[in-house]
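There are 2 protein chains.
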Amino acid sequence: MTPKLTNDSLEPSGVTTGSPGPTEPIEVKFDAAPGEQKPTDRISIRDVAKEAGVSVATVSMVLNENPRISRATHIRVQRVIDNMGYRPNRLAQSLSSRFTQVLAVMLPPLRHAFADAYFGEILSGISDRAGKLGHKLLIEQAKPQYIKEGKHIELYERRFVDGVLCVGFNEKHTFLTDLRQYPMILVDNRFGDGMLDYVHCDYRLGAKQAMNCLLQLGHRNIGMIYAAPESPTARDVLEVYSTELRNAGINPKESWLADGCFTDEGGAAAAHLLTTRDKDITALLCGNDKMALGAIRYLVEHGHKVPQDISVVGFDDIQHLAYANPSLTTVHLPLYELGVAACERLVSRIRGKVDRISDVLPTHLVLRESTSIVRTR
Amino acid sequence: MTPKLTNDSLEPSGVTTGSPGPTEPIEVKFDAAPGEQKPTDRISIRDVAKEAGVSVATVSMVLNENPRISRATHIRVQRVIDNMGYRPNRLAQSLSSRFTQVLAVMLPPLRHAFADAYFGEILSGISDRAGKLGHKLLIEQAKPQYIKEGKHIELYERRFVDGVLCVGFNEKHTFLTDLRQYPMILVDNRFGDGMLDYVHCDYRLGAKQAMNCLLQLGHRNIGMIYAAPESPTARDVLEVYSTELRNAGINPKESWLADGCFTDEGGAAAAHLLTTRDKDITALLCGNDKMALGAIRYLVEHGHKVPQDISVVGFDDIQHLAYANPSLTTVHLPLYELGVAACERLVSRIRGKVDRISDVLPTHLVLRESTSIVRTR
DNA sequence: TTTAACTGTTTAATCAGTTTAACAACATTT
DNA sequence: AAATGTTGTTAAACTGATTAAACAGTTAAA
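Pasting the structure below:
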């Protein structure tokens, strides 16, 4: 395979116009090289058709395993395809089939969305399943400018993707409604009372599991470090927290609540606020593991023993935090499975399913070292 | 906008053939609805051309800001485009222009590649720059099966992407050579003596900075927790480590070296090995922050004070670890900038640049709490 | 023996753009 | 006045596939 000159590679250099007369076009002739291949090196469906002695339609149908093609023809054409190493151009395929076989994952414009364990786990599930379903994955970040320019709509309108998985958004993100008419699924949240397709973890169940655990250990003064009350699933946890306290005959106090912003530092600050505001708190329920870790860090550094003085329960079950000291009792969210399910559902929607999608995946509690029986004063 | 019946929606249901005579085709007439719109709802370049009273070629040239279009025509057509809300189908665009405006990021098949701070930082840089350059990003994982099926080659051959950024690979990953003939850039490593385009951090400089620091603090028995010696950049660190020791008149011992596999646990295990094998070690140079953290965790849990007894220096400067206790002295790798640079270079290669790409980005040392002057026995 | 039904394949239209070469309408040299 | 150049636009070919409709050839039923 000697590299052949193309017209492109001629133009920029080598040939200097001028000497005889500029009107005469410079003729460059390629004498038919041994083998007599066409100048185009990329093989198309037409080349295959010619080689196999059938029409392009037949080749296309072989490619798409159309049952109207006879077994004999299928085998014959397939052999030619393999021999020639032909790979269909998927731009052309998508252009006429109207399916791109590409999905987008839309992430919030957080600087470190890509390095986050929560997103990572979901993404991993999405990626694995998308691969199995023969779909590629585009990653997008919903930056303000991006939304303003309507790039999220272009994703569909310009035929970049067949569908979008939105991860890490809540009801504050109103641009989501722009995508209502397209295949889209909201991952790990709901929106506007089920107006958008969604798949999320059962935060109510998770909250119940966590509260049951703490109540059974004898805790009655249980604080909560929440975050993002604009998120329906986050509200689920808050609601169940209050309900479970009331069911246990406890009146939840306003001073038991603090916002931890889903961050490490936020969790620490919230722990500070809660423990100084109310000395009787013996347990903390945290909206995610990061805040729980921050809270533990603060508590330990300020003379509270965990779990002897204060028990802490998280939410997420981020892998790497199992090593923390003390290791964290937490509600395990099936994030990988959530990604898988979301991807699966989205593809079924793309393929024509019409019912609303609203799946809820069960959680379970993972008991580790950050919880213990309530302290006796 | 009342939804209109299309031919598609007629076929499957409703019409039952049979009664009068099956020969007679069943005629269904749509009487021209008020407004008389065409049945196709997606606007194409032809619609725009008709509306603007020009040819499709003109519209295309306006779209691509071809200077041969007069200012007046440009404005007039652009106005029609805006009014109609026309968005060019990028499958068709790519099909004829031969550019997809899509790049792929190839990641190793690690289960948690998506949740990793190292990859996340690089990805963030790549994503930001790709967006600015008008490119979309596909994420792929080089699983064994994936490579075996040649999917990495299909990425180009089937026109999914114009180029690929490979992150997290080394010379063990021979599939990289398959991509030599296409626009590809290896991120944060080299391959086969510069046979592939690359951009990486200056690990030699980083190692020098770390060693200078330790040597200046009086350390002479310096252990090293390395990883992946098949990686050229990892070897750079090892080499400089030895060289710097020798330059300081110290003979590096074999027993000062341990493989930490780039993981937390590996770092802990390596620290165990090194400290038990050689009690005189007063400092550890670690190939990345994760191993450094693991080492510190092990050391602290086993009665060694950090940094009083043993100083530890890492590599990476992962954001979240600044909070660690003690906080980590480490070589800052400009990973975000690396992603930016890699993306930039790759695009310039796609656009025709022919020289080999081999950029090296400078590092710097971040002095924190995990290092101190050598202990006096 | 017609007629109808079924199989397997092809023709031709279509998807929605880009790009080359041609061309008309003027302006500028010789 | 003829030849040449410039400018802006367009017709038509091209990108590389899918698919509906047509068609030829064979078989089964009336």
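Chains A and B, in that order, are what the protein sequence lines are. Using my numbering, read the first sequence as starting at 288 and increasing by one per residue. Using my numbering, read the second sequence as starting at 288 and increasing by one per residue. In this text, a Cβ means the ideal position worked out from N, Cα and C, and glycines have one as well. Just so you know, these numbers come straight off a predicted model, no measurement behind them.
Neighbour flag for residue i against chain A, beta carbons, 7 Å
i, result
"Asn376/B", "yes"
"Ala404/B", "yes"
"Lys435/B", "no"
"Ala494/B", "no"
"Ala579/B", "no"
"Phe401/B", "yes"
"Ile644/B", "no"
"Ser635/B", "no"
"Glu624/B", "no"
"Thr407/B", "One detail in the question is off: residue 407/B reads as Gly in this sequence, not Thr. Yes - at least one Cβ of chain A is within 7 Å of the one on Gly407/B."
"Arg333/B", "no"
"Val653/B", "no"
"Arg477/B", "no"
"Glu441/B", "yes"
Nearest-angstrom Cβ-Cβ length linking residue i and residue j, presumed shorter than 8 Å
i, j, result
"Asp475/B", "His460/B", "So it is not a contact: roughly 13 Å between Cβ atoms."
"Leu535/A", "Ile512/A", "The sequence shown places Ala at residue 535/A, rather than the Leu named in the question. The pair is not a contact, with the Cβ atoms about 20 Å apart (cut-off 8 Å)."
"Tyr485/A", "Ile644/A", "7 Å"
"His591/A", "Gly407/B", "32 Å between Cβ atoms; not a contact."
"Asp403/B", "Ala402/A", "7 Å"
"Ile597/A", "Leu580/A", "Actually they do not touch by this definition, with Cβ atoms about 14 Å apart."
"Phe602/A", "Asp576/A", "7 Å"
"Val343/A", "Gln365/A", "Their Cβ separation, rounded to whole angstroms, is 15 Å, which puts Val343/A and Gln365/A out of contact at 8 Å."
"Asp465/A", "Ile440/A", "6 Å"
"Thr650/A", "Val618/A", "5 Å"
"Ala514/A", "Gly547/A", "5 Å"
"Ile537/B", "Arg564/B", "Their Cβ separation, rounded to whole angstroms, is 17 Å, which puts Ile537/B and Arg564/B out of contact at 8 Å."
CB contact flag (residue i, residue j, <7 Å)
i, j, result
"Val627/B", "Gly412/B", "yes"
"Ser659/A", "Pro613/A", "no"
"Leu615/A", "Leu378/B", "no"
"Pro519/B", "Arg477/B", "yes"
"Ile472/A", "Leu633/A", "yes"
"Ala391/A", "Val454/A", "no"
"Tyr373/B", "Val335/B", "yes"
"Ile637/A", "Pro470/A", "yes"
"Met482/A", "Glu531/A", "no"
"Lys566/B", "Val527/B", "no"
Interface flag, residue i vs chain B, CB-CB below 7 Å
i, result
"Tyr485/A", "no"
"Leu410/A", "yes"
"Ile426/A", "yes"
"Phe549/A", "no"
"Ser384/A", "no"
"Ser657/A", "no"
"Phe602/A", "no"
"Arg522/A", "no"
"Lys423/A", "yes"
"Ala379/A", "yes"
"Arg366/A", "no"
"Arg446/A", "yes"
Residue i Cβ short of 6 Å to the ligand MN heavy atom set
i, result
"Ala555/A", "Although the ligand MN was asked about, the structure shown includes no ligands whatsoever."
Residues bridged to residue i [DSSP beta-bridge criterion]
i, result
"His651/A", "His619/A"
"Phe694/A", "Examination of residue 694/A is not possible in this model, given that chain A is present from 288 through 664 alone."
"Gly510/B", "Leu571/B"
"Ser645/A", "Tyr485/A"
Segments of 4+ residues assigned as alpha helix (DSSP H) that fall wholly inside the stretch 512–594 of chain A: 519–534, 551–564, 576–588
Beta strand (DSSP E) runs wholly inside the stretch 465–496 of chain B, at least 3 long, in chain order: 471–474, 485–488
Length at least 4, wholly inside the stretch 344–408 of chain B: the alpha helix (DSSP H) runs in chain order: 358–371, 377–384
Length at least 3, wholly inside the stretch 409–454 of chain B: the beta strand (DSSP E) runs in chain order: 423–428, 450–454
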